[in-house]
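A.B. asks:
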Amino acid sequence: MPQGLPNRIRDAFTLQAVVAGITLILCVMTAALVGREVVARQWLRAEAEAYWLARDTNAAYPPPYGVNIQGYFVPADGGPYDSILVGDRAVANLIWFKGAPEGFSKRRDTEGVLLVERRETGTLYLAASMSLFDRLLALAAGGLALLTVATIFVVSWLTYRTSKRMVLPIHHLADEVGRWVPSGDDDDVPVPLEPREGVGREAQALSTALHGLGVRVAAFIRREREFTRDASHELRTPLTVIRVASDMIASDPATPAHQQRPLARIRRASEDMEAVIDALLVLARERGVMPQSEIFDVQEIVEDEIDKMRPMFESKHLDVRVDARARPRLEAPPRVLGVMLGHLLRNAWAFTERGSVEVVIERDRIIVRDTGIGMSSEVLQRVYDPFYRADPFSQTGKGIGLSIVRRLGTRFGWPVALESTPGEGTTVTIVLAEHLV
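Numbering of the sequence shown is given in this note's numbering, commencing with residue 2 and proceeding in unit increments.
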């Protein structure tokens with residue numbers, strides 16, 4: 002799962018703090034290791050000068066001696082050495098020191114620096130030990146490491162809190178946009194963020210832009226819905242006139258027999274157009290305003306739609322069967338399901354020249370199966386595109402039937418699935434996922 006922006010910012014600052022802390026520790030350790038010998042030499046030089054000054058006034062003045070420094074003076078006349086430390090240890094130290102050259106050199110017995118100065122009166126050996134300095138350096142490095150870890154923790158926490166507060170308005174906008182369902186109502190448009198402390202200019206600009214986009218989308222949806230509704234209402238009246246006039250002409254005894262077939266085609270075309278208008282009117286309604294719902298038997302709607310289409314199926318000598326394996330009931334607008342079934346039956350009639358059309362009713366679905374020409378995988382990928390027809394020269398249908406069926410199914414919670422094999426037929430399934438009683 003990808004990390005959020007606050008976590009990424011925190012990780013970036015934490016990485017920078019870690020790199021800076023490690024670099025600081027390495028620099029301090031390097032400087033200490035390089036400077037420790039310089040400090041030791043300056044210390045020994047100061048002790049040697051102080052000793053020679055004191056010896057000029059007091060020949061019995063002892064060489065310096067302490068935890069981290071040992072001094073030995075060997076007279077030039079070969080007399081006994083002068084040192085606070087006596088015994089075998091002093092003799093052992095002198096054995097190590099006597100072979101050292103004049104000036105500064107490293108101690109051979111332990112970690113440290115040795116200074117050898119020779120004058121007329123004798124030779125001074127000053128040896129400094131680095132053990133205490135090394136312990137102090139280790140303590141300093143440990144303390145610096147702990148301080149670095151604490152700093153990294155504090156920086157990480159502060160950075161996370163600050164970045165989270167910075168991106169909180171973005172999360173708020175993302176939640177609003179995620180919940181937003183464009184419906185043409187300005188009240189549903191994401192509200193811009195109010196200028197206040199903690200809301201950056203970028204978040205404010207993004208919020209204003211999203212609000213403007215929402216307003217434009219809502220206006221576009223309203224215009225589309227109003228156009229669909231007005232156009233559908235305007236088309237309904239002339240279609241009714243055409244259908245009534247064709248019925249009157251067909252029932253007139255004076256109408257020649259050879260004109261009955263064109264009149265039947267006119268009636269079918271007007272009925273198809275009325276079904277399309279009904280579907281468009283349903284889709285043009287506000288999302289929260291549905292057509293009148295009622296409890297109805299699915300099988301009755303199926304049989305009504307088949308009865309309307311029966312003359313068309315009989316004209317092709319197609320066998321139409323209903324296989325009612327269950328009697329589901331729905332609480333929904335029955336006209337919506339009728340429009341969906343009507344479009345599917347018209348498609349089955351249009352693309353089936355011989356064989357049968359079967360409608361299977363199960364507990365939670367309706368299956369429309371035909372033995373028509375079927376569709377290839379390329380056609381299936383575009384079959385729901387508005388105004389798409391596999392055969393552009395076909396005179397049957399306008400290419401919007403399946404698009405309307407799918408949109409109605411999505412609107413009312415009845416998803417549509419389609420399977421087809423070229424040369425064998427097509428199967429369309431309406432899953433009655435909602436409104437079952």
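Heads up, the beta-carbon is just placed ideally off N, CA and C, and yes, glycines get one too.
These numbers were taken from a predicted model, which means no experiment stands behind them.
Please state the DSSP three-state secondary structure of Asp-12.
C.D. replies: Within the sequence shown, the letter at position 11 stands for residue 12. Note: Asp-12 maps to helix in three-state DSSP.
A.B. asks: Helix, strand or coil: which one does DSSP assign to Lys-317?
C.D. replies: On the sequence shown, residue 317 is found 316 positions in, with the first residue counted as 1. Residue state, collapsed to three classes: coil.
A.B. asks: Quick one: measure Cβ to Cβ for Thr-422 and Arg-370, integer angstroms, because I've assumed they're closer than 8 angstroms.
C.D. replies: Stepping through the sequence shown from its first residue, residue 422 is reached at position 421. Stepping through the sequence shown from its first residue, residue 370 is reached at position 369. Actually they are not in contact, since the Cβ atoms of Thr-422 and Arg-370 sit about 11 angstroms apart, beyond 8 angstroms.
A.B. asks: Residue range of the alpha helix (DSSP H) that Val-216 falls in?
C.D. replies: By one-based count along the sequence shown, residue 216 stands at place 215. Taken as a continuous stretch (DSSP letters only), the alpha helix (DSSP H) holding Val-216 covers 202–252.
A.B. asks: Does DSSP classify Arg-364 as helix, strand or coil?
C.D. replies: Working through the sequence shown from its first residue, we reach residue 364 at position 363. Coil.
A.B. asks: Nearest by alpha-carbon distance to Asp-298: which of Leu-331, Trp-350, Ile-26 and Trp-158 is it?
C.D. replies: In the sequence shown, the residue the question calls residue 298 occupies position 297. Nearest option by C-alpha distance: Leu-331.
A.B. asks: How far does the alpha helix (DSSP H) with Leu-345 in it reach, from first residue to last?
C.D. replies: Counting from one through the sequence shown, the residue named residue 345 turns up at place 344. 335–351 is the span of the alpha helix (DSSP H), which, as asked, contains Leu-345.
A.B. asks: Are there 16 or more other CB atoms within 10 angstroms of the CB of Val-87, so buried, or fewer, so exposed?
C.D. replies: Residue mapping note: residue 87 aligns to position 86 of the sequence shown, counting from 1. At Val-87, the pLDDT of 49 sits below 50, so the modelled position is not reliable and the matter cannot be decided from this model.
A.B. asks: Short of 8 angstroms in beta carbon distance, which residues of its chain neighbour Pro-102, apart from the five on each side in sequence? Order them along the chain.
C.D. replies: On the sequence shown, position 101 is the one that residue 102 refers to. Val-117, listed in sequence order.
A.B. asks: Under a CB-based cut-off of 8 angstroms, is Ala-49 close to chain D?
C.D. replies: No chain D appears in the structure shown, which is made up of a single protein chain.
A.B. asks: Hey, how far is the Cα of Gly-36 from the Cα of Ile-23?
C.D. replies: As a working note, residue 36 is residue 35 in the sequence shown. As a working note, residue 23 is residue 22 in the sequence shown. Straight-line Cα distance between these residues: approximately 20 angstroms.
A.B. asks: Within this structure, are the beta carbons of Leu-346 and Ile-405 separated by less than 8 angstroms?
C.D. replies: Taking the first residue of the sequence shown as position 1, residue 346 is located at position 345. Taking the first residue of the sequence shown as position 1, residue 405 is located at position 404. No, they are not a contact pair.
A.B. asks: Output the distance between the C-alpha atoms of Ala-210 and Val-218, rounded to the nearest integer angstrom.
C.D. replies: Stepping through the sequence shown from its first residue, residue 210 is reached at position 209. Stepping through the sequence shown from its first residue, residue 218 is reached at position 217. One C-alpha to the other measures close to 12 angstroms.
A.B. asks: What are the boundary residues of the alpha helix (DSSP H) that includes Ala-151?
C.D. replies: Position 150 of the sequence shown holds residue 151. 132–180 is the span of the alpha helix (DSSP H), which, as asked, contains Ala-151.
A.B. asks: Looking at Gly-123 and Ala-151, is the spacing between their C-beta atoms short of 8 angstroms?
C.D. replies: Counting from one through the sequence shown, the residue named residue 151 turns up at place 150. Counting from one through the sequence shown, the residue named residue 123 turns up at place 122. No, the pair does not count as a contact, with Cβ atoms beyond the cut-off.
A.B. asks: Considering just the uninterrupted stretch of the beta strand (DSSP E) at Arg-355, what are its terminal residues?
C.D. replies: Residue numbering aside, residue 355 sits at position 354 when the sequence shown is read from its first letter. Element bounds for Arg-355: n/a, residue is neither H nor E.
A.B. asks: Which partner residues of Glu-332 appear in the DSSP bridge assignment?
C.D. replies: Within the sequence shown, the letter at position 331 stands for residue 332. DSSP, once it has assigned bridges, lists Ile-296 as partnering Glu-332.
A.B. asks: I need the boundaries of the beta strand (DSSP E) containing Glu-118, first residue and last residue.
C.D. replies: Locating residue 118 in the sequence shown gives position 117, counting from the first residue. Bounds of the beta strand (DSSP E) holding Glu-118 are 113–120.
A.B. asks: Measuring alpha carbon to alpha carbon, tell me which of His-436, Pro-63 and Asp-248 ends up nearest Phe-413.
C.D. replies: Residue numbering aside, residue 413 sits at position 412 when the sequence shown is read from its first letter. Minimum Cα distance to Phe-413 is reached at His-436.
A.B. asks: Check for me: the beta strand (DSSP E) holding Leu-419 runs from which residue to which?
C.D. replies: By 1-based counting over the sequence shown, the position of residue 419 is 418. Leu-419 -> beta strand (DSSP E) spans 417–422.
A.B. asks: Going by other Cβ atoms of all chains shown within 10 Å of its Cβ, with 16 needed for buried, is His-172 buried or exposed?
C.D. replies: Counting from one through the sequence shown, the residue named residue 172 turns up at place 171. Residue environment for His-172: exposed (fewer than 16 other C-beta atoms within 10 angstroms of its C-beta).
A.B. asks: Any contact between the segment 64–77 and the segment 38–52? By contact I mean 3 or more CB pairs, one from each, below 8 angstroms.
C.D. replies: yes
A.B. asks: Looking only at C-alpha atoms, which of Leu-137, Val-340 and Ser-377 sits nearest to Val-303?
C.D. replies: Looking up residue 303 in the sequence shown gives position 302. Checking every option, the nearest Cα to that of Val-303 belongs to Val-340.
A.B. asks: Could you spell out the range, first to last residue, of the beta strand (DSSP E) harbouring Gln-71?
C.D. replies: The sequence position of residue 71 within the sequence shown is 70, counting from 1. 70–76 is the span of the beta strand (DSSP E), which, as asked, contains Gln-71.
A.B. asks: If you reduce the DSSP assignment to three classes, tell me which class Val-438 lands in.
C.D. replies: As a first step, residue 438 is located in the sequence shown; it is residue number 437 there, counting from the start. When DSSP states are grouped into helix, strand and coil, Val-438 belongs to the coil group.
A.B. asks: Using the Cα positions of Ser-106 and Leu-148, report the straight-line distance between them to the nearest angstrom.
C.D. replies: For the purposes of this step, residue 106 is taken as residue 105 along the sequence shown, with counting starting at 1. For the purposes of this step, residue 148 is taken as residue 147 along the sequence shown, with counting starting at 1. Each residue's Cα considered, the two are about 36 angstroms apart.
A.B. asks: So Val-156 and Thr-15 are in contact, right, with Cβ under 8 angstroms, and what is the actual spacing, rounded?
C.D. replies: For the purposes of this step, residue 156 is identified with residue 155 of the sequence shown, where counting begins at 1. For the purposes of this step, residue 15 is identified with residue 14 of the sequence shown, where counting begins at 1. With a Cβ gap of about 7 angstroms, Val-156 and Thr-15 count as contacting.
A.B. asks: Give the DSSP-derived three-state secondary structure of Tyr-52 in the structure shown.
C.D. replies: Here the question's residue 52 lines up with position 51 in the sequence shown. Tyr-52: helix per DSSP, three-state reduction.
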